[in-house]
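Novice: Provided herewith is a single structure, encoded as structure tokens, for subsequent inquiry.
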Amino acid sequence: MAVALTPGGRGRALRGSGLDRVLPVLMLGPALFLVLGVIVYPLFDGLRSSTGFYRFGRLVRDVGLDNYKQAFADPLFTEALLTTLRFVVLAVTIELLLGLGLALLVARERRFIRRIRATLLLPMIVTPVVVGIVFRLIYASDVGLLASLAHAVGLSPPQILSNGGGAFAGLVILDVWEWTPLMFLILLAGIQSMPVEPFEAALVDGATGWRTFIDHTLPLLRPTILVAVTLRAIDALTTFDQVYVLTRGGPGTSTQLISIYGYQTFFQFQQVGYAAAMLFMVALVFLVGSGFAVGLMRRRPA
Amino acid sequence: MTGSSSPLVPAAVPQPGPSRGDRLRGLGWLIATIAAIAFAITPVISMLLTSLKSNREITQETSLVPQALTSANYVSLFSGREFGAYLTNSILVTSISVLIALVVGTQAAYVLARFRLRGGVDRYIGFALLMVRLLPPIVIIIPIFLAAQGLGLLNTRLSLIVVYAAFNVTIVVWMMESFFREIPVDLEEAAMVDGDTRFTAFRRIVLPLAAPGLVATGIFAVITTYNEFLFALVLTSTPGAETMPVGAATLIGRINVDWGAMSAAGVIGALPIVVFSIAVQRHLVRGLTMGAVK
Numbered sequence: 253m254a255v256a257l258t259p260g261g262r263g264r265a266l267r268g269s270g271l272d273r274v275l276p277v278l279m280l281g282p283a284l285f286l287v288l289g290v291i292v293y294p295l296f297d298g299l300r301s302s303t304g305f306y307r308f309g310r311l312v313r314d315v316g317l318d319n320y321k322q323a324f325a326d327p328l329f330t331e332a333l334l335t336t337l338r339f340v341v342l343a344v345t346i347e348l349l350l351g352l353g354l355a356l357l358v359a360r361e362r363r364f365i366r367r368i369r370a371t372l373l374l375p376m377i378v379t380p381v382v383v384g385i386v387f388r389l390i391y392a393s394d395v396g397l398l399a400s401l402a403h404a405v406g407l408s409p410p411q412i413l414s415n416g417g418g419a420f421a422g423l424v425i426l427d428v429w430e431w432t433p434l435m436f437l438i439l440l441a442g443i444q445s446m447p448v449e450p451f452e453a454a455l456v457d458g459a460t461g462w463r464t465f466i467d468h469t470l471p472l473l474r475p476t477i478l479v480a481v482t483l484r485a486i487d488a489l490t491t492f493d494q495v496y497v498l499t500r501g502g503p504g505t506s507t508q509l510i511s512i513y514g515y516q517t518f519f520q521f522q523q524v525g526y527a528a529a530m531l532f533m534v535a536l537v538f539l540v541g542s543g544f545a546v547g548l549m550r551r552r553p554a
Numbered sequence: 019m020t021g022s023s024s025p026l027v028p029a030a031v032p033q034p035g036p037s038r039g040d041r042l043r044g045l046g047w048l049i050a051t052i053a054a055i056a057f058a059i060t061p062v063i064s065m066l067l068t069s070l071k072s073n074r075e076i077t078q079e080t081s082l083v084p085q086a087l088t089s090a091n092y093v094s095l096f097s098g099r100e101f102g103a104y105l106t107n108s109i110l111v112t113s114i115s116v117l118i119a120l121v122v123g124t125q126a127a128y129v130l131a132r133f134r135l136r137g138g139v140d141r142y143i144g145f146a147l148l149m150v151r152l153l154p155p156i157v158i159i160i161p162i163f164l165a166a167q168g169l170g171l172l173n174t175r176l177s178l179i180v181v182y183a184a185f186n187v188t189i190v191v192w193m194m195e196s197f198f199r200e201i202p203v204d205l206e207e208a209a210m211v212d213g214d215t216r217f218t219a220f221r222r223i224v225l226p227l228a229a230p231g232l233v234a235t236g237i238f239a240v241i242t243t244y245n246e247f248l249f250a251l252v253l254t255s256t257p258g259a260e261t262m263p264v265g266a267a268t269l270i271g272r273i274n275v276d277w278g279a280m281s282a283a284g285v286i287g288a289l290p291i292v293v294f295s296i297a298v299q300r301h302l303v304r305g306l307t308m309g310a311v312k
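Order-wise, the sequence lines are chains A and B.
Under the working numbering, think of the first position of the first sequence as 253, with each following residue one higher.
Under the working numbering, think of the first position of the second sequence as 19, with each following residue one higher.
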């Protein structure tokens, strides 16, 4: 790849000699080589596997789009998609409402924010696998935190992970615990960087709190909300670690997210081509979503 | 600055002591602070307490606080099981891959921040790297597994280092590019007029100025890499290469009701990264929010 050298941003011709002319290539090369070889190439390699039929991990023959057709005829696949969608919508909505509400409440209390911020980072830092363990212990029907609390007030211990609805709700709550702080911090930063003039004007005009929120806060905050929700949603779409530890997709298929189903199709059922087709479709959804997110972020003034 | 002091009262005017309303407000915020902190730490603390109980106490007593502290659960992780090996693997894999990514990634970020490549290639590269940075591991897990198998790299730390280095490069480029943009071009140009080449100007002038960004980036990369599970689960299966999250998760899969060992595994699993985060707390907020948002 030939490159022209113009020092960024300015027209000033400031060129070193010799080595400096190829410097950008030398400095960019290793990074591109790593990323192309380890991430981008496998993505296309996966696309190729998705049209194959494998036996014992070896490619037997090319089957065209059959794996994709199989996916849409597979009730477990559609169910996993729906479960994932329900999980993402529910978790991200709750996180947005809680995070936004909290951020609006405390935006001006800088002392309060300073005191709690470091602690709020804890759920994000703790290893996701360990988050799964934490909640498995909480939900444990005989010995968990909930069981102890129920015992203390004289109730029978709740059975959470042994029934489908309970396990799904338990997973959503886990996600809310883990990610509401991030949502809160992003929205808080957004609120704190809003200009004050519209709010002063609204105050002078005697607008009510609610009207000010609808007319000024929400429109000004919209870009931040969009970015936060999109990022969180594409991340939640492929939640894996916590489910793997908490329920492994069970009981039944109640918490079988698409990532878990894809993983099992490959590693337990050894259906290489089918799993690759499934995961490639997930990649497509992701690419659209993240393309959207990246576009949004680029439009924001840096 | 507190929210309760009125901006309309000049600072010189002596203000009356805190009124009853102010004190009530203060109490309200204190309660709110405690509630927020409790929300974040209660689940983790309850795991910690469980890990210090004997299994008999866990199943027979229902008190939250341990009656007789025991370290038996922890001892079993290191003597009977391989948690020492997991810890070594995690530290090696994380530190080496992050170091590689910092070296390789800052250079690339510098080029993207400072040069206009022919045909606007730099913008496409920046865009593509950001997309890749968000790419969920699950979508390339099959080809990565097959490639590692083909190369005979299954069950090696090397395979994890390579994969993590690549993902970390995307993080480093994305974060460092914006740090470099904040540094005025004139400084390098002055150095180059004084006889530096561009590369030495980058090393001598730009890198030291970008050090805070480098630290924030490194912290974010260390946390995400240590915590990574899926690649490690798929690529490794023996204590010679398994990382902490894999060790903890597979232990959980094998023991079903050994709650003591389970909670101790959880504590040990998260301890290194929590300790690390506390040690670098000063830079943590910037690193985490930048990495997650920008």
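Every residue, glycine too, gets a C-beta built ideally from N, C-alpha and C.
Of all the residues that make up the segment 90 to 109 of chain B, which are near chain A by a beta-carbon distance shorter than 8 angstroms?
Specialist: none
Novice: Given a threshold of 16 other Cβ atoms within 10 Å of its Cβ, counted over all protein chains shown, does I52(B) qualify as buried or as exposed?
Specialist: Here residue 52(B) refers to the residue found at position 34 when the second sequence is read from its first residue. It counts as exposed.
Novice: Would you kindly work out how many angstroms separate the C-alpha atoms of F101(B) and V383(A), rounded to a whole number?
Specialist: As a first step, residue 101(B) must be located in the second sequence, where it is residue number 83. As a first step, residue 383(A) must be located in the first sequence, where it is residue number 131. One C-alpha to the other measures close to 18 angstroms.
Novice: Determine, using beta-carbon pairs with one atom in the segment 280 to 294 of chain A and one in the segment 180 to 197 of chain B, whether at least three such pairs fall under 8 angstroms.
Specialist: A contact exists between the segment 280 to 294 of chain A and the segment 180 to 197 of chain B.
Novice: For L147(B), which residues in chain A fall below 7 angstroms Cβ to Cβ?
Specialist: Here residue 147(B) corresponds to residue number 129 of the second sequence, with the count starting at 1. Result: V287.
Novice: Given a cut-off of 8 angstroms on the beta-carbon distance, is the pair V497(A) and I368(A) in contact?
Specialist: As a first step, residue 497(A) is located in the first sequence; it is residue number 245 there, counting from the start. As a first step, residue 368(A) is located in the first sequence; it is residue number 116 there, counting from the start. The answer is no: Cβ separation not under 8 angstroms.
Novice: With a threshold of 8 angstroms between beta-carbons, can Q85(B) be considered close to chain A, or not?
Specialist: Reading the second sequence from its first residue, position 67 is the one you call residue 85(B). It does not; no Cβ of chain A falls within 8 angstroms.
Novice: Please confirm if I291(B) has its CB atom under 8 angstroms from at least one CB of chain A.
Specialist: Locating residue 291(B) in the second sequence gives position 273, where the first residue counts as 1. At least one chain A Cβ lies under 8 angstroms of I291(B).
Novice: Using a cut-off of 9 angstroms between C-beta atoms, extract the partners of V524(A) located in chain B.
Specialist: Position 272 of the first sequence holds residue 524(A). Chain B residues near V524(A): I160 and L164.
Novice: Going by C-alpha to C-alpha distance, which of S69(B), F294(B) and I273(B) sits closest to Y244(B)?
Specialist: Reading the second sequence from its first residue, position 226 is the one you call residue 244(B). Among S69(B), F294(B) and I273(B), the Cα nearest to that of Y244(B) is on F294(B).
Novice: Name the chain B residues whose beta carbon is nearer than 8 angstroms to that of D394(A)?
Specialist: Looking up residue 394(A) in the first sequence gives position 142. Those within 8 angstroms of D394(A) in chain B are T77.
Novice: V174(B) CB to nearest chain A CB: under 8 angstroms?
Specialist: Indexing the second sequence from 1 puts residue 174(B) at position 156. Correcting the residue type first, residue 174(B) is Thr in the shown sequence and not Val. Taking Cβ atoms only, chain A never reaches closer than 8 angstroms to T174(B), which makes this a no.
Novice: What three-state label does DSSP hand F133(B) in the structure shown?
Specialist: Numbered from 1 along the second sequence, position 115 holds the residue referred to as residue 133(B). F133(B) falls in the strand class under three-state DSSP.
Novice: Report yes or no: is there a C-beta of chain B within less than 8 angstroms of the C-beta of V602(A)?
Specialist: In the structure as shown, chain A begins at 253 and stops at 554. Residue 602(A) is therefore absent and cannot be evaluated.
Novice: Could you check how far apart the C-beta atoms of G298(A) and F532(A) are, in whole angstroms? I think they sit under 8 angstroms.
Specialist: Position 46 of the first sequence holds residue 298(A). Position 280 of the first sequence holds residue 532(A). Contact flag correct, Cβ pair sits at about 6 angstroms.
Novice: Considering only residues of the same chain and omitting the five flanking positions on each side of M446(A), which have a CB-CB separation below 6 angstroms?
Specialist: For the purposes of this step, residue 446(A) is identified with residue 194 of the first sequence, where counting begins at 1. L472.
Novice: Quick one: does M193(B) have its CB under 8 angstroms from some CB of chain A?
Specialist: Sequence index remark: in the second sequence, residue 193(B) carries index 175 (1-based). No, no contact with chain A.
Novice: Any C-beta of chain A sitting closer than 8 angstroms to the C-beta of I223(B)?
Specialist: Taking the second sequence and counting its residues from 1, one reaches residue 223(B) at position 205. By this cut-off, I223(B) is not an interface position.
Novice: Run down chain A in chain order and give the residues with a C-beta less than 9 angstroms from the C-beta of V303(B).
Specialist: Taking the second sequence and counting its residues from 1, one reaches residue 303(B) at position 285. Correct list: R369, A370, L373 and L437.
Novice: For G422(A), which option in V456(A), G502(A), G353(A) and I377(A) has the closest C-alpha, if you only look at C-alpha atoms?
Specialist: Mapped onto the first sequence, residue 422(A) falls at position 170. Looking at the Cα atoms, G502(A) is the closest of the given residues.
Novice: Assign G304(A) to one of three DSSP states: helix, strand, or coil.
Specialist: Here the question's residue 304(A) lines up with position 52 in the first sequence. Residue state, collapsed to three classes: strand.
Novice: Can you tell which of M376(A), P375(A), V378(A) and S414(A) has the C-alpha that lies nearest to the C-alpha of D394(A)?
Specialist: Indexing the first sequence from 1 puts residue 394(A) at position 142. With distances taken between Cα atoms, D394(A) lies closest to S414(A).
Novice: Counting along the chain, where does the beta strand (DSSP E) carrying L311(A) start and finish?
Specialist: For this step, residue 311(A) is matched to residue 59 along the first sequence. Unbroken beta strand (DSSP E) run through L311(A): R310 to D314.
Novice: At 7 angstroms on the CB atoms, spell out the chain B contacts of Y496(A), in chain order.
Specialist: For this step, residue 496(A) is matched to residue 244 along the first sequence. Near Y496(A) (Cβ distances below 7 angstroms), the residues of chain B are A267.
Novice: Among D427(A), A343(A) and I477(A), which has the Cα closest to the Cα of A441(A)?
Specialist: Working through the first sequence from its first residue, we reach residue 441(A) at position 189. Closest by alpha carbon: I477(A).
Novice: Applying a beta-carbon distance threshold of less than 9 angstroms, which residues of chain B neighbour F544(A)?
Specialist: Mapped onto the first sequence, residue 544(A) falls at position 292. By Cβ distance, chain B contributes nothing, its closest Cβ being about 11 angstroms from F544(A), past 9 angstroms.
Novice: Taking L317(A) as part of the alpha helix (DSSP H), name the residues at either end of that continuous run.
Specialist: Locating residue 317(A) in the first sequence gives position 65, where the first residue counts as 1. Annotation for L317(A): no alpha helix (DSSP H) segment contains it, and DSSP assigns it neither H nor E.
Novice: Are any of the Cβ atoms in chain B nearer than 8 angstroms to that of T490(A)?
Specialist: One-based indexing of the first sequence puts residue 490(A) at position 238. Yes - at least one Cβ of chain B is within 8 angstroms of the one on T490(A).
Novice: For L373(A), collect the residues of the same chain with a Cβ closer than 7 angstroms to its Cβ; drop the 5 residues on either side in sequence, then sort them by chain order.
Specialist: Within the first sequence, residue 373(A) is the residue found at index 121, counting from 1. Non-local beta-carbon contacts of L373(A) in its own chain, meaning distances under 7 angstroms to residues more than five positions away in sequence, involve P433 in chain order.
Novice: 8 angstroms is my cut-off, CB to CB: does G298(A) come that close to chain B?
Specialist: If you number the first sequence from 1, residue 298(A) lands on position 46. Closer than 8 angstroms: yes.
Novice: Alpha carbon to alpha carbon, how far is P263(B) from V381(A)? Give it in angstroms, no decimals.
Specialist: By 1-based counting over the first sequence, the position of residue 381(A) is 129. By 1-based counting over the second sequence, the position of residue 263(B) is 245. Roughly 6 angstroms between the two C-alpha positions.
Novice: How big is the Cα-Cα spacing for A554(A) and M193(B)?
Specialist: Counted from its first residue, the first sequence places residue 554(A) at position 302. Counted from its first residue, the second sequence places residue 193(B) at position 175. Low local confidence applies: a pLDDT of 39 at A554(A) is under 50, so the model's placement there is unreliable, and no value is given.
Novice: Does any residue of chain A bring its CB to less than 8 angstroms from the CB of Y128(B)?
Specialist: As a first step, residue 128(B) must be located in the second sequence, where it is residue number 110. Closer than 8 angstroms to some Cβ of chain A, the Cβ of Y128(B) qualifies, so yes.
Novice: What ranges does the alpha helix (DSSP H) occupy inside the segment 48 to 84 of chain B, keeping only unbroken runs of at least 4 residues that lie completely in it?
Specialist: 73 to 78
Novice: Would you please state the rounded distance, in angstroms, between the beta carbons of A488(A) and F329(A)? I believe it to be under 8 angstroms.
Specialist: For the purposes of this step, residue 488(A) is taken as residue 236 along the first sequence, with counting starting at 1. For the purposes of this step, residue 329(A) is taken as residue 77 along the first sequence, with counting starting at 1. So it is not a contact: roughly 19 angstroms between Cβ atoms.
Novice: I want to verify the contact list: residues of chain A whose CB lies under 7 angstroms from the CB of T68(B), in sequence order.
Specialist: As a working note, residue 68(B) is residue 50 in the second sequence. Near T68(B) (Cβ distances below 7 angstroms), the residues of chain A are L389.
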